[in-house]
Amino acid sequence: MTPQLQQAIRLLQLSSVDLEMEIQEALDSNFMLEEVDPDGDSNQEATSLDEPEAATEDTSNSTTETSGNDSASDDQPKLDPEVDGEHVKDSRDEVDGESIAVDLPVDTSWEDVYDDNFVSSSGGGDYSDENFLETRNADSASIQSHLLDQLNLLNLTESDQYIAACILDGLDEEGVLQIDVEDILESAPDEWEIEIEEVDAVLHLIQHLDPVGIAARSLKECLAIQLKELPEDTEGKTLALTLVENHISLLANRDYVQLARKLKVKEPELKHVITLIQTLNPRPGASIVQENVDYIEPDVFVSKQNGRWVVELNPKSAPKIRVNPEYAALIKRGDSSDDAINMKNHMQEARWFIKSLQQRNDTLLRVSSKIVEFQRGFLEYGEQAMKPLVLHDIAEAVDLHESTISRVTTQKYMLTPAGVFELKYFFSSHVSTSSGGEVSSTAIRALIKQLVAEENPRKPLSDSKIAKLLEEQNINVARRTIAKYRELLLIPPSNERKQLI
283 MTPQLQQAIR
293 LLQLSSVDLE
303 MEIQEALDSN
313 FMLEEVDPDG
323 DSNQEATSLD
333 EPEAATEDTS
343 NSTTETSGND
353 SASDDQPKLD
363 PEVDGEHVKD
373 SRDEVDGESI
383 AVDLPVDTSW
393 EDVYDDNFVS
403 SSGGGDYSDE
413 NFLETRNADS
423 ASIQSHLLDQ
433 LNLLNLTESD
443 QYIAACILDG
453 LDEEGVLQID
463 VEDILESAPD
473 EWEIEIEEVD
483 AVLHLIQHLD
493 PVGIAARSLK
503 ECLAIQLKEL
513 PEDTEGKTLA
523 LTLVENHISL
533 LANRDYVQLA
543 RKLKVKEPEL
553 KHVITLIQTL
563 NPRPGASIVQ
573 ENVDYIEPDV
583 FVSKQNGRWV
593 VELNPKSAPK
603 IRVNPEYAAL
613 IKRGDSSDDA
623 INMKNHMQEA
633 RWFIKSLQQR
643 NDTLLRVSSK
653 IVEFQRGFLE
663 YGEQAMKPLV
673 LHDIAEAVDL
683 HESTISRVTT
693 QKYMLTPAGV
703 FELKYFFSSH
713 VSTSSGGEVS
723 STAIRALIKQ
733 LVAEENPRKP
743 LSDSKIAKLL
753 EEQNINVARR
763 TIAKYRELLL
773 IPPSNERKQL
783 I
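According to my numbering, the residues represented by the sequence shown are 283 to 783, in order.
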């Protein structure tokens, strides 16, 4: 495989965020490349080594429209000849050099590795003349830093600072304390003569910082701390505290009959107590931790204009770059000096990069347009209208290899009126209906979600009952398949969905 083909494949599989970084790296490393000012003149002529003018790559406003015809005969999308007053040019005729194959037949497995940048603090070190809270190496978005901001406002002794630092080090990502107070006591310097009561006092202090219930050692303790913080005249507080401290397992199992018997209350009063408990936060640390989020930048925009679905590339994910015309003009024919050879090499690399980028955007637009043609029902009516679709269907429609379709639909996102979806989302297997038709697995999952949403919470639907209801709609799905789809939707089984309220 040539380096040029490898580059084309790599660009094809990059997400918009990674592509932006790749383009910036190319601009930084190749002086022959420059980004075109979106407000400037983008209608530069093509360049070659014989005619050293600037080649412009402009795909930022490439657009296609889908018609009401489901035919997949139009493999190559028609670009809008004029968008925002700028002519959209096809750079395949603008760049010299060996052409890049439209079909990229080589599958490459790749993996994105993300660093969560979570810094764990260490409780060791030299204890002399040290402010243990100020030296905590906590990330700015961590639970530890949130608590440190509050602790540093308090006038703590050196030993209390040490205890607090140990407690912060012992918190997991949800704010649960994972170390024993005895371990903190044993690790403290002997000269401080710390007692277990002092450790408990500092822990109690931290547990009542914001958010209340942080650094609890169990769900029971976490909820109890929050209940005790409520005003004394809170209706149901005493019963709720009794339930949490003594009968929380019955609540977890939704054994309302036993709960009412243990608490010696009737159903209306039990409902009120449970409602009060549901206002508490079982994971107070989760509201603090802000994990690094990979923000999604849509690669493709889909909108309905004049009754037609229009597909266009996101200009931000398809920036315009070109060969720098001033540097290109310096190249002279027949000049074999080292500088001239270096410039020619950079010129060729720049052209290959522009070509690869154009190829990526063309392929992405073609594939996205066909997906919209196939799944117009989804765009109009939602998940229940999603058609069965596999990679082969799109590959055949646009005359590309399935491996190419796999690359171009991975980590690429489409912004639609219904939300943002990865292109892979529009592919799903099929289930045959009793009438001889087919329905997609996505549509079946949507039906399951709807049935569960409309069920009687006192008598939730079992998987067998859901299968029977679908059968009444001519959709034959086994109970175990229903269970699998339900789990994919993160819907608990019927016994766990039962509600008293």
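Backbone N, C-alpha and C define an ideal beta-carbon position, used for all residues, glycine too.
Being a predicted model, the structure only gives us computed values, none of them experimental.
Residue from the options whose Cα sits closest to the Cα of residue i
i, options, result
"ARG499", "SER585, GLN460, GLU737", "GLN460"
"VAL555", "THR561, TYR538, ALA522, SER685", "ALA522"
"LEU501", "GLU527, ASP745, SER469", "GLU527"
"MET629", "ILE613, ASN588, ASP681", "ILE613"
"ASN624", "GLU479, ASN312, ARG658, ILE603", "ASN312"
"ILE559", "TYR444, GLU307, ILE773, ILE507", "ILE507"
"TYR577", "TYR695, VAL605, LEU595", "TYR695"
"THR557", "ARG543, LYS544, GLU579, THR516", "THR516"
"GLU753", "LEU729, GLU579, LEU509, LYS741", "LEU729"
"ALA679", "LYS652, LEU436, LEU541", "LYS652"
"VAL763", "LYS519, SER688, ASP745", "Per the sequence shown, residue 763 should be read as Thr rather than Val. For THR763, the nearest C-alpha among the options comes from ASP745."
"ASN756", "VAL713, LEU771, ARG740, VAL734", "VAL713"
Inter-residue Cα distance where the pair is residue i and residue j
i, j, result
"GLU302", "GLN640", "14 Å"
"GLN666", "ILE291", "35 Å"
"LEU294", "GLU304", "12 Å"
"ILE603", "ALA622", "22 Å"
"HIS683", "SER424", "45 Å"
"VAL463", "GLU511", "23 Å"
"THR686", "PRO285", "17 Å"
"ARG761", "THR524", "40 Å"
"SER599", "LYS731", "34 Å"
"THR691", "LYS706", "5 Å"
"LEU438", "ASP431", "13 Å"
"TRP474", "VAL484", "15 Å"
"THR341", "VAL582", "Here THR341 scores only 40 on pLDDT, less than 50, and its place in the model should not be relied on; the value that follows carries that caveat. Going by the C-alpha atoms only, they are around 12 Å apart."
"ILE773", "ASP319", "49 Å"
"HIS529", "PRO566", "21 Å"
"ASN777", "PRO550", "21 Å"
"PRO607", "ILE636", "14 Å"
"VAL605", "THR346", "27 Å"
"VAL759", "GLU514", "53 Å"
"GLY350", "TYR663", "Residue confidence is low: GLY350 scores 48 on pLDDT, short of 50, so the model does not pin down where it sits. Its coordinate-derived value is still stated next. Their backbone Cα atoms lie some 15 Å apart in a straight line."
"GLU579", "ASN588", "26 Å"
"ILE466", "ASP454", "16 Å"
"ILE726", "LEU751", "12 Å"
Boundaries (first-last residue) of the alpha helix (DSSP H) holding residue i
i, result
"MET303", "298–311"
"LEU682", "LEU682 -> no alpha helix (DSSP H), and no H or E assigned at all."
"GLU503", "501–511"
"LEU293", "285–295"
"SER441", "440–451"
"LEU245", "Past the boundaries of the shown model lies residue 245; the chain is included only from 283 to 783, so the question cannot be answered."
"LEU541", "538–545"
"GLU479", "478–489"
"ASP431", "425–433"
Enclosing beta strand (DSSP E) for residue i [first to last residue]
i, result
"THR698", "695–698"
"PHE583", "582–587"
"ILE603", "603–605"
"VAL721", "720–722"
Under 8 Å between C-beta atoms of residue i and residue j
i, j, result
"ILE496", "GLY452", "no"
"ARG536", "LYS780", "yes"
"SER722", "PRO670", "yes"
"GLU480", "SER441", "yes"
"PRO597", "CYS504", "no"
"ARG633", "TRP591", "no"
"GLU317", "PRO601", "yes"
"PHE656", "ASP675", "yes"
"LEU647", "LEU595", "yes"
"VAL702", "SER650", "no"
"LEU562", "ILE488", "no"
Which of helix, strand or coil DSSP assigns to residue i
i, result
"ARG570", "The question names Arg, yet the displayed sequence has Ile at residue 570. ILE570 falls in the coil class under three-state DSSP."
"ILE530", "helix"
"LYS741", "strand"
"GLY495", "coil"
"PHE703", "strand"
"ARG590", "strand"
"THR346", "strand"
"GLU455", "coil"
"VAL713", "strand"
"VAL759", "coil"
"GLU662", "helix"
"THR338", "At THR338 the pLDDT is 38, less than 50, meaning the model places this residue with poor confidence; the figure from the coordinates comes in the next sentence. Three-state DSSP puts THR338 in a strand."
"VAL388", "With a pLDDT of 32 at VAL388, under the threshold of 50, the modelled position of this residue cannot be trusted; read the value that follows with caution. Here VAL388 sits in coil by DSSP."
"ALA473", "Residue identity differs from the one stated: residue 473 is Glu in this sequence, not Ala. Correct three-state label for GLU473: helix."
"GLU316", "strand"
"LEU558", "helix"
"LYS595", "Note on identity: in this sequence residue 595 is Leu, with Lys being the wrong assignment. Strand at LEU595."
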